[in-house]
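Residues in the sequence shown are numbered from -6 upward in steps of one, following my numbering. Glycine included, each C-beta is placed from N, C-alpha and C at the ideal position. The structure presented is a predicted model; accordingly, all values stated were derived computationally and were not measured.
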Amino acid sequence: MKFSSPMSSFYPTILFLLGFSILSISSTSAQEKATVEGKVLDQLSKQPLFNVKVTAIQSDTLKTATDLSGSFTLPLREGPATILLSYERMSRTTQVVIRKDLPLTLLFDRQKELKTVEVKGQKDSPFHTQSIAIERAVLQRIPTMGIQDPIKALQILPGVKPGQEGTTGLHVRGGSPDQTITLLDDARLYNISHFWGFVSSYNEDIIERTTLFKGDIPAHYGGGLSSVLSTKSRDSLDYRFKLNLNPILSSFSGQLKSPNEKHHLIMAGRRSFTDVLALIGGEGSGAPNFLFYDVNLKSHSKLSSKTTWRNHLFLSRDRFLQHSGNFSYSDHRYSLNWTNMAVSSQWQHQFTDEHTLNLKAYYSAYQNDILVEDLSPEEERGPDRDIRSNIRDYGVQIDNTIQTTWGNIQVGGSVAHQELLPQVNTFSENPNDSLAEEYSLSLLNSALYVNYSKSIGEKISLSAGLRGGYLHYFDKEENDLYLLPRVSLKYQVNEQLSIAPSYSQMVQPFQQLNNLNGRLPLDTWVTATDLHPTAKATQYALDLQYQSPKKWEVTLSGYYKEMENLLAYKDPGNTMFGFQENWQELVETGTGTAYGAEILLKKESKKWMGMLGYTLSWSNRQFPTLNNGNTFPYTFDRRHDLSLFGAYNFNKDKQISFNFVYFTGSAFTIQDSKQLTASLMPGASPLESIGNVGGINRHRLPAYHRMDISYQSKKLRQRNGQESLRTWSFSLYNLYSNPNPLYIYYYNNQYWKQSGFPLIPMVSYIVQF
């Protein structure tokens, strides 16, 4: 694959921007209508509201929705107009007078009618066609174990899938999990899963919105080849305290605020109780013992009418214990632990109505630890083994939003330092004697970016950006300079149909090594080197959106992505036990392609909503020595991916919902028996003839399919003049208990399929006041 040089892409992009700027001037002067640019803010916090449906009624009716900055654009005639705003199943109506070149700022009160309409400065309206946002109202309808999980909600949409059940991370458009940058208030999380993907690290009580950019990635994001998952937390809660009681997973959240309501402190925590349930069977029974918890602390201070300060602390820990005891030829205890910490601080100041400054700082830390203990009799006992890895990541960022009459600009930069400890093995006989020294890899990543957006007449919206940077590798003689263009257009054919092409280039300075048939979650991260250069990708995408008169929303998307300098083990069975300084000799670089088509159908009414998503896709890899140099499917290549979701409201207090997922099984590689496990795990079943063993990823696990269903009932109570909301939630995970496969292994001259979670009933009781 040929990756175009930065400068060869730079000049066409600049000409492209200048050409459309000139076109916009001539186009605007010829219009009889006024292109109204507006913004919708929350009445209490003054924060922008994303994905508010905006309907403007004059002689005709026009519709749009706000973007991430709360902005929208509509071509309206000068004079009076009725504006209808719809957000989280609430509607607000107001009357305005449209005047040419005077933008609107609408303050949306979530408790009352729309309070005021203000005329202020120009808006910032970057337009991103290929992004997915999860609203709180939609999140509350997804049946996921009695909790509302944004990652589970994203996974029912086309082009977005988890790994096989029991694995972590998101696979977006044929990419690996490390190619998706996952952010919580702009601090990166390197593992977003609890229970190996059963529950995500995001607590729904503290989330304001979750947005996934899978195509047109804004220029102020960098570091991943596939996508960006950005989650923003709430500045305040609409209740004082909330408690969710659940036999498997319980949670609490609440807030403290100052008398003048300028300072808020939000606290939220969750803990699983599966470790308590596992004790019933006893440690020697082989039943897994799983525990996780996470904590969020968020402060929000309104220092002045134009200055805001936000701070967020996130902590989480997962622990998995498995005692081989009665089902293995040996007596071992396996302990897997991983922890996340993310701290972020943001200072925001609005100098004028046209200029806003954001200063951000963050620190992220992630550690993975695997301990294997030998519990055999003392005379037969071998050494215990400890395998650990970690990441330290910290940085600062500055963002400026500037609104002008000839366009809207976002400009800024960032500096980040990452330090990776790929893997260290130690033994109990001599804890100071490891298979390798603590060999760390470090990187200094500096970047500048600019985004430009402009509405060109009534039908065309343009968003273009450049991201340039300098990668200083402490273990690489030659450092890297890069310049990445990103461009998207939207053409509104008519009121119902729009077309939106986009083009993006990305780089990724460090990757996660994955063996093709390993089961242990060894999080081995490595930076680029002189032998293995920085990973790069180019993506082309096209969206067609259609809204029928009967309120059906149809989105058809196509994409094609090329990747180079991807990493893989030369030996597919290698798990890198004992990371060494010569690790570069154990891996090789290769290329990859991912392409496919996605379709999403959605319809919503007052009583019900439904979504149907389908993806037809291919994701391939090619390396010099693997598979004799021939192309082979990526582990999570999914030919077919189908999801169906529906929710029905009997009334405002009672709701039932379901979702069904089906996708092609993961590709895997069978090695010879000496590289496979020799222990039989609980819940395994024999596998039918597997055929020829040779070849990379030439076999597939059986197709995965599952249905979940949930029922929720709410009741508002009043006692002693105080209101409290009580909610009962009943869920069934894997309704028909399909034994979906986790992986294949070898035992007693037979291949076995290890199954995942069976039918799991769940009941939750939630009280908030």
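Exercise for the section: May I have the straight-line CA-CA distance separating aspartate 516 from leucine 609, to the nearest angstrom? Expected result: Their backbone Cα atoms lie some 29 Å apart in a straight line.
Problem - Candidates Leu352, Asn613, Glu197, Pro68, of which the one nearest tyrosine 588 by Cα - result: Asn613
Problem - For leucine 709 and leucine 718, believed in contact at Cβ under 8 Å, the rounded distance - result: 6 Å
Exercise for the section: Classify glycine 208 as buried or exposed, calling it buried when 16 or more other Cβ atoms lie within 10 Å of its own Cβ. Expected result: Classification of glycine 208: buried, given that the 10 Å Cβ count is 16 or more.
Practice task
Please classify asparagine 620: does DSSP put it in a helix, a strand, or coil?
Solution key: helix
Practice task
Provide the residue(s) that pair with valine 365 in DSSP beta bridges, ordered along the chain.
Solution key: Answer is Tyr327, Arg378, bridged to valine 365.
Problem - glutamate 71 (DSSP reduced to helix, strand or coil) - result: coil
Problem - Residues sharing a beta bridge with tryptophan 721, DSSP - result: Ser706, Tyr758
Practice task
For my contact list, serine 724 and methionine 755 are in at a C-beta cut-off of 8 Å; report their separation, rounded to the angstrom.
Solution key: That belief holds up - the Cβ atoms of serine 724 and methionine 755 are roughly 4 Å apart, short of 8 Å.
Handout entry: Touching by the beta-carbon criterion (3+ pairs, under 8 Å), the region 495 to 504 and the region 202 to 219
Key = With the cut-off at 8 Å, the region 495 to 504 and the region 202 to 219 touch.
Problem - Own chain residues within Cβ distance below 6 Å of valine 33, not counting five before or after - result: Excluding positions up to five away in sequence, the list reads Leu42, Val45, Thr59, Gly63, Leu99, Phe101.
Problem - Classification of valine 269 by the beta-carbon crowding that lies within 10 angstroms, buried from 16 upward - result: exposed
Practice task
Pull up the distance between the alpha-carbon of tyrosine 327 and that of arginine 312, whole angstroms please.
Solution key: Using only the alpha carbons, I get a separation of about 10 Å.
Handout entry: Runs of alpha helix (DSSP H) wholly within the region 481 to 526 (minimum 4 residues, chain order)
Key = none
Problem - isoleucine 144, enclosing beta strand (DSSP E) - first and last residue - result: Here isoleucine 144 belongs to no beta strand (DSSP E); instead the alpha helix (DSSP H) covers 143 to 147.
Handout entry: For glutamine 36, three-class secondary structure by DSSP
Key = coil
Exercise for the section: Give me the Cα-Cα distance between alanine 660 and lysine 543, rounded to the nearest whole angstrom. Expected result: 41 Å
Problem - Nearest to aspartate 228 (by Cα), restricted to the options Asn237, Leu205, Ala261 - result: Ala261
Exercise for the section: Work out the CA separation of tyrosine 552 and asparagine 690 for me, nearest whole Å. Expected result: 23 Å
Handout entry: Rounded straight-line distance, which links the Cα of serine 79 to that of valine 90
Key = 20 Å
Exercise for the section: Could you tell me the distance, in whole angstroms, from the CA atom of glycine 606 to the CA atom of glutamate 366? Expected result: Going from the Cα of glycine 606 to the Cα of glutamate 366 covers about 45 Å.
Practice task
Assign tyrosine 711 to buried or exposed, taking buried as 16 or more other Cβ atoms, counted over all protein chains shown, within 10 Å of its Cβ.
Solution key: Here residue 711 is glutamine; the residue named in the question, tyrosine, does not match the sequence. That one is exposed.
Practice task
Measure the alpha-carbon distance for leucine 150 versus phenylalanine 638 and round it to whole angstroms.
Solution key: 9 Å
Problem - Buried versus exposed, by CB contacts within 10 Å (16 or more), glutamate 30 - result: buried
Handout entry: Span of the beta strand (DSSP E) around valine 45
Key = Counting along the chain, valine 45 sits inside no beta strand (DSSP E), nor does DSSP assign it H or E at all.
Problem - Alpha-carbon spacing of alanine 180 relative to valine 336, whole angstroms - result: 7 Å
Practice task
Below 7 Å CB to CB, which residues in the same chain sit around aspartate 523 once its five sequence neighbours on both sides are set aside?
Solution key: Lys469, Glu470, Glu471, listed in sequence order.
Exercise for the section: Pull up the distance between the alpha-carbon of isoleucine 395 and that of tyrosine 286, whole angstroms please. Expected result: Near 41 Å, if we compare the C-alpha coordinates of tyrosine 286 and isoleucine 395.
Exercise for the section: Go ahead and pull the three-state DSSP assignment for phenylalanine 750. Expected result: coil
Exercise for the section: From the DSSP output, read off the bridge partner residues of lysine 529. Expected result: Per DSSP, Val500, Glu557.
Handout entry: Distance between threonine 582 and threonine 618 (C-alpha atoms, nearest Å)
Key = 10 Å
Problem - Element boundaries [beta strand (DSSP E), containing tyrosine 466] - result: 453 to 466
Exercise for the section: Kindly identify the DSSP beta-bridge partner or partners of aspartate 473. Expected result: Leu464
Exercise for the section: Under 6 Å Cβ to Cβ from isoleucine 759, same chain only, skipping five residues before and after it: list those, please. Expected result: Asn237, Thr720
Problem - DSSP bridge partner residues for tyrosine 641 (one or two, in chain order) - result: Trp601, Ile649
Problem - The beta strand (DSSP E) enclosing aspartate 287, as first and last residue numbers - result: Note, aspartate 287: beta strand (DSSP E), 282 to 295.
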